[in-house]
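Chains as they are written, first to last, in the numbering used here: chain V, 1 to 101; chain R, 1001 to 1395.
Each residue gets a CB set at the ideal place from its N, CA and C atoms; glycine is no exception.
This structure is a prediction, so every number in the text was calculated from the model and none was measured.
Data first, discussion second: the structure below is written as structure tokens.
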Ligand code: SF4
Ligand code: SF4
């Protein structure tokens, strides 16, 4: 038996889950919404951003995607709302607001 | 042709290891299992086995080493006793739930309080719910044979296995033994070829992930199934072993059970003493029998119940207390397995042999005597008993 973690869900039976909880593919954490318990949310102010790239390595959750040398909007599926990015941005290009659902 | 030798149980395990030639041994010394890594590391040093011997600073690390090696795709072994096994506790569960077939020689010794280095089964019995297979031996020959069978059992079942023997009694007692030729052992255990392992580069793998509540129970149920599925695997390996050596193994051995009226169930070396008592009582015309349990995990509930129900009263012997106020671990499981039978024997528990306390032929005589009294009066009395302990009431 070999099931991909990406094929498992909360309806999967004990016969369907992988042997010994093994995970047979990389980067499965991308599939899991771990941003749901965020209480504060960073807001990207694109116009103020100078693309200095300081926020990117500071994010403990790799939640600031970079494409072609430029940062993009936040990955809110994984951002925990810690606020570090907003603190380190030298150009006030990140707002930090309360999460409202 | 088998090779005749005379060896201690520890030497026999070390020789089995040399013949199996596992990829990795992670070990830390503790009495009475110390000799196993000692002998085996000298074999490695002499170039007789190509095994990575990892000398660690504790049993926790010894089991961690085996876990890592096994997850990486290696065949991993270790040996321990008593407090060493207790110190592995956390990892025992991790290894079993990750379904890693680590093979461990357990030389049974009492757990501390008061500190004691002699034999009883409190160490491995304490680990009975950790998800490891457990096989016990009466003699040095069985220790050797069980260790060799353990490798294919564990790997086919994808479960870790404890190969248990009685500390000092078989581990240090020297007796005659038939060894199997190296090439035959190698052929019997084969190469270890897991389907998935960490070092398989074409197949990225993660072992031991977080199991959230919506998934944890499914993994546990699957683990429970693996114990059930291990039953036929154990018998298949035993049959293959019998074809190679002529020596027969099963979940348990029945001794003089066919027409027995009363019987005794025990684990390990005490069975030898018990059989001597059976022989003498048989010579006096008493119909007594004995069941020696070899496989405790998985517990052979149904076949054992069938064997026990041949008699009218059975004494179930525990070399470990569980402080449950309702008897030892073997008693509780063996007695519970009788519950569904219509015609069941009386089942009495005897706690014996703790911390190296000797059990003698005379003690077994007394037990069989008790059983005959029970069937005569049709009254089991107190079913939770001790034998071999000094008691002011009986002075
Ligand atoms: S709030 Fe924290 S987790 Fe979210 S993007 Fe900023 S640094 Fe990363
Ligand atoms: S630190 Fe601020 S300015 Fe620099 S890349 Fe991040 S958001 Fe843009």
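What are the uninterrupted segments assigned as alpha helix (DSSP H) that are 4 or more residues long and contained completely in the region 1099–1153 of chain R, given in chain order? Those alpha helix (DSSP H) runs which fall completely within the region 1099–1153 of chain R and span 4+ residues are 1122–1126.
Since residue 13/V meets chain R, which of its residues come closer than 8 Å, beta carbon to beta carbon? Counted from its first residue, the first chain places residue 13/V at position 13. Going along chain R in sequence order, the residues near residue 13/V (Cβ under 8 Å) are 1218.
Closest by CA to residue 1257/R, which one among 1236/R, 1233/R, 1286/R? Translated into the one-based positions of the second chain, residue 1257/R becomes position 257. For residue 1257/R, the nearest C-alpha among the options comes from 1286/R.
Any heavy atom of ligand 2 closer than 7 Å to the beta-carbon of residue 52/V? Translated into the one-based positions of the first chain, residue 52/V becomes position 52. Yes - ligand 2 has a heavy atom lying nearer than 7 Å to the Cβ of residue 52/V.
Indicate, with yes or no, if ligand 4 has a heavy atom lying under 7 Å from the CB of residue 60/V. Of the ligands this structure carries, namely ligand 1 and ligand 2, none is ligand 4.
Positions along the region 1221–1251 of chain R whose CB lies within less than 7 Å of some CB in chain V: Cβ contacts with chain V come from 1221, 1222.
What runs of the alpha helix (DSSP H), each 4 residues or longer, lie entirely inside the region 1246–1293 of chain R? Unbroken alpha helix (DSSP H) runs of no fewer than 4 residues, entirely contained in the region 1246–1293 of chain R, are found at 1270–1283, following chain order.
Quick one: is residue 1142/R buried, meaning 16 or more other Cβ sit within 10 Å of its Cβ, or exposed? Taking the second chain and counting its residues from 1, the one referred to as residue 1142/R is at position 142. Buried, by the Cβ-count rule.
Establish whether the CB of residue 10/V and some CB of chain R are separated by less than 8 Å. If you number the first chain from 1, residue 10/V lands on position 10. Residue-level contact by beta carbon holds for residue 10/V and chain R, with a gap shorter than 8 Å.
Cβ closer than 7 Å: which chain R residues qualify as neighbours of residue 26/V? Working through the first chain from its first residue, we reach residue 26/V at position 26. Under the 7 Å cutoff, chain R gives 1204.
Segment limits, alpha helix (DSSP H) that includes residue 1330/R: Mapped onto the second chain, residue 1330/R falls at position 330. Segment 1329–1338, the alpha helix (DSSP H) holding residue 1330/R.
Give me the Cα-Cα distance between residue 1187/R and residue 1111/R, rounded to the nearest whole angstrom. Within the second chain, the letter at position 187 stands for residue 1187/R. Within the second chain, the letter at position 111 stands for residue 1111/R. Each residue's alpha carbon lies about 37 Å from the other.
Counting pairs of beta carbons, one from the region 22–35 of chain V and one from the region 71–81 of chain V, are three or more of them closer than 8 Å? Yes, they touch.
Taking Cβ-Cβ distances shorter than 8 Å, what residues in chain R pair up with residue 19/V? By one-based count along the first chain, residue 19/V stands at place 19. Near residue 19/V (Cβ distances below 8 Å), the residues of chain R are 1099, 1158, 1222.
Less than 7 Å between C-beta atoms, sequence neighbours within five positions excluded: which residues of the same chain meet that for residue 1012/R? In the second chain, counting from the first residue as 1, residue 1012/R sits at position 12. Result list for residue 1012/R: 1140, 1143, 1144, 1177, in chain order.
Going by other Cβ atoms of all chains shown within 10 Å of its Cβ, with 16 needed for buried, is residue 1394/R buried or exposed? By one-based count along the second chain, residue 1394/R stands at place 394. By the neighbour-count rule (16 or more Cβ atoms within 10 Å), residue 1394/R is not buried but exposed.
Length of the line joining the Cα atoms of residue 6/V and residue 1100/R: Looking up residue 6/V in the first chain gives position 6. Looking up residue 1100/R in the second chain gives position 100. Spanning the two alpha carbons is a distance of roughly 23 Å.
Residue 66/V bridges to which residues according to DSSP? On the first chain, position 66 is the one that residue 66/V refers to. Beta bridge pairing from DSSP links residue 66/V with 71/V.
Any residues in the region 34–65 of chain V with a beta carbon nearer than 7 Å to a beta carbon of chain R? Which ones, in chain order? Residues passing the 7 Å Cβ filter: none.
Along chain R, in chain order, which residues have C-beta atoms closer than 9 Å to that of residue 23/V? On the first chain, position 23 is the one that residue 23/V refers to. Chain R residues near residue 23/V: 1204, 1205, 1206, 1207, 1209.
Answer yes if the region 1301–1308 of chain R comes into contact with the region 1367–1378 of chain R, meaning at least three C-beta pairs across the two stretches below 8 Å, and no otherwise. Look at the beta carbons and you see the region 1367–1378 of chain R not touching the region 1301–1308 of chain R: under three pairs across the two are nearer than 8 Å.
My output table needs one value for residue 1317/R: the three-state DSSP class, helix, strand or coil. For the purposes of this step, residue 1317/R is taken as residue 317 along the second chain, with counting starting at 1. Reduced to three states, the DSSP call for residue 1317/R is strand.
Let's test the definition: count the other Cβ atoms within 10 Å of the Cβ of residue 135/V and tell me whether it reaches 16, buried, or not, exposed. The structure shown does not extend to residue 135/V, since chain V spans only 1 to 101, so no value can be given for it.
Given residue 1084/R, which residues of its chain have a CB within under 6 Å of its CB, disregarding the five upstream and five downstream residues? For this step, residue 1084/R is matched to residue 84 along the second chain. Closer than 6 Å at Cβ, skipping near neighbours: 1030, 1059.
In angstroms, rounded to a whole number, what distance separates the CA positions of residue 1332/R and residue 1387/R? In the second chain, counting from the first residue as 1, residue 1332/R sits at position 332. In the second chain, counting from the first residue as 1, residue 1387/R sits at position 387. Near 17 Å, if we compare the C-alpha coordinates of residue 1387/R and residue 1332/R.
Against chain V, does residue 1192/R count as a neighbour if the rule is that its beta carbon must be under 8 Å from one of theirs? The count along the second chain starts at 1 and reaches residue 1192/R at position 192. Under the Cβ criterion of 8 Å, residue 1192/R is not counted among the residues facing chain V.
Ignoring anything shorter than 3 residues, give me the beta strand (DSSP E) runs that lie fully in the region 1006–1087 of chain R, in order along the chain. The region 1006–1087 of chain R contains these whole beta strand (DSSP E) runs: 1024–1027, 1052–1055, 1076–1080.
Could you tell me whether the Cβ atoms of residue 1026/R and residue 1051/R are closer together than 8 Å? Walking along the second chain from the start, residue 1026/R turns up at place 26. Walking along the second chain from the start, residue 1051/R turns up at place 51. No, Cβ-Cβ distance for residue 1026/R and residue 1051/R is not below 8 Å.
For residue 1297/R, list the residues DSSP reports as bridge partners. Locating residue 1297/R in the second chain gives position 297, counting from the first residue. In DSSP, residue 1297/R forms a bridge with 1134/R.
Counting only beta-carbon separations shorter than 8 Å, does residue 1214/R have a partner in chain V? Numbered from 1 along the second chain, position 214 holds the residue referred to as residue 1214/R. So yes, residue 1214/R belongs to the interface.
So residue 1125/R and residue 1320/R are in contact, right, with Cβ under 8 Å, and what is the actual spacing, rounded? Working through the second chain from its first residue, we reach residue 1125/R at position 125. Working through the second chain from its first residue, we reach residue 1320/R at position 320. Yes, residue 1125/R and residue 1320/R are in contact; Cβ-Cβ is about 4 Å, under 8 Å.
First and last residue of the beta strand (DSSP E) that includes residue 1164/R? Looking up residue 1164/R in the second chain gives position 164. Looking at the DSSP string, the run of the beta strand (DSSP E) that includes residue 1164/R is 1161–1166.
Going along the chain, which residues of the region 1129–1147 of chain R sit with their C-beta nearer than 9 Å to a C-beta in chain V? Per Cβ criterion, the list is empty.
contact_flag[the region 1120–1137 of chain R, the region 1035–1051 of chain R] where n(CB pairs < 8 Å) is 3 or more: With a cut-off of 8 Å, the region 1035–1051 of chain R and the region 1120–1137 of chain R do not count as touching, because too few Cβ pairs lie within range.
Would you mind telling me which residues of chain V sit closer than 7 Å to residue 1196/R, beta carbon to beta carbon, in chain order? Along the second chain, one-based indexing puts residue 1196/R at 196. What residue 1196/R touches in chain V: 22, 24.
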